[in-house]
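A.B. asks:
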Amino acid sequence: MRPLILLAAALALSACGTALPSVGRPGPGGSVATGLPLGEVDAVRLQSGQCALALWTRGVPATRLAIAVSQPPTIRVNAHGRQIELARTEYDGEAAFGHYPRQTWAGDGMSLTLTTRFAARGGMVGGAVTEDATLSFTGSDGAELVIPVAGLVACQP
Numbered sequence: 082m083r084p085l086i087l088l089a090a091a092l093a094l095s096a097c098g099t100a101l102p103s104v105g106r107p108g109p110g111g112s113v114a115t116g117l118p119l120g121e122v123d124a125v126r127l128q129s130g131q132c133a134l135a136l137w138t139r140g141v142p143a144t145r146l147a148i149a150v151s152q153p154p155t156i157r158v159n160a161h162g163r164q165i166e167l168a169r170t171e172y173d174g175e176a177a178f179g180h181y182p183r184q185t186w187a188g189d190g191m192s193l194t195l196t197t198r199f200a201a202r203g204g205m206v207g208g209a210v211t212e213d214a215t216l217s218f219t220g221s222d223g224a225e226l227v228i229p230v231a232g233l234v235a236c237q238p
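Following the numbering used here, the numbering of the sequence shown begins with 82 at its first residue and continues without gaps.
1) From the DSSP output, in three-state form, read off Ala176 for me.
2) Give me the residue from Gly162, Pro238 and Ala231 with the minimum Cα distance to Gly140.
3) Where does Gly105 land, buried or exposed, given buried means 16+ other C-beta within 10 angstroms?
4) Just reading off the beta strand (DSSP E) that Pro229 is part of, what are its end residues?
5) Give the DSSP-derived three-state secondary structure of Glu121 in the structure shown.
6) Taking the beta strand (DSSP E) that Thr155 belongs to, which residues open and close that run?
7) Determine which residues share a DSSP beta bridge with Val210 and list them.
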């Protein structure tokens, strides 16, 4: 009798016409491995004197979600199934190699905001690591997702 009740409940839910959200399923261009709306971004080649900030998920395996460059101040992400560059629209705090503790990039119906602290590690020259970093992704529907990230700033001599 119990299996019949479960089957009837499943049929009743499917007849409602309302789709239930899929947990752990990314939107277009997202990562099946992480369940995030952003997929892994391609590496970038820096020009002489340019500094980049690479951001990874904190999960295992780590996924490179974004790469921001200092000049021009843009960030590259993999969203909607393609590599997209967004312009930096806001920044605040003391710069570390052209990157700021709080910076926002926007365009293409989305925005990303990084909130972090930068720290130099012993033996590091021309770069820094992020501490307590989060990347907030806001989609065109206004929904916001806050992602804990790890990051590294490095400069091309």
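Note that the Cβ used here is the ideal one computed from N, Cα and C, for glycine as well.
C.D. replies: Considering the structure as presented:
1) It is coil, neither helix nor strand.
2) Measuring C-alpha to C-alpha distances from Gly140 to each of Gly162, Pro238 and Ala231 identifies Ala231 as the nearest.
3) The pLDDT assigned to Gly105 is 32, lower than 50, so where the model puts this residue is not dependable; a value taken from the coordinates is nonetheless given after this. Answer is exposed; the Cβ neighbour count stays below 16.
4) It spans Glu225 to Cys236 - the beta strand (DSSP E) in which Pro229 sits, taken as one unbroken run.
5) Glu121: coil per DSSP, three-state reduction.
6) Note, Thr155: beta strand (DSSP E), Thr155 to Ala160.
7) In DSSP, Val210 forms a bridge with Ala200 and Leu233.
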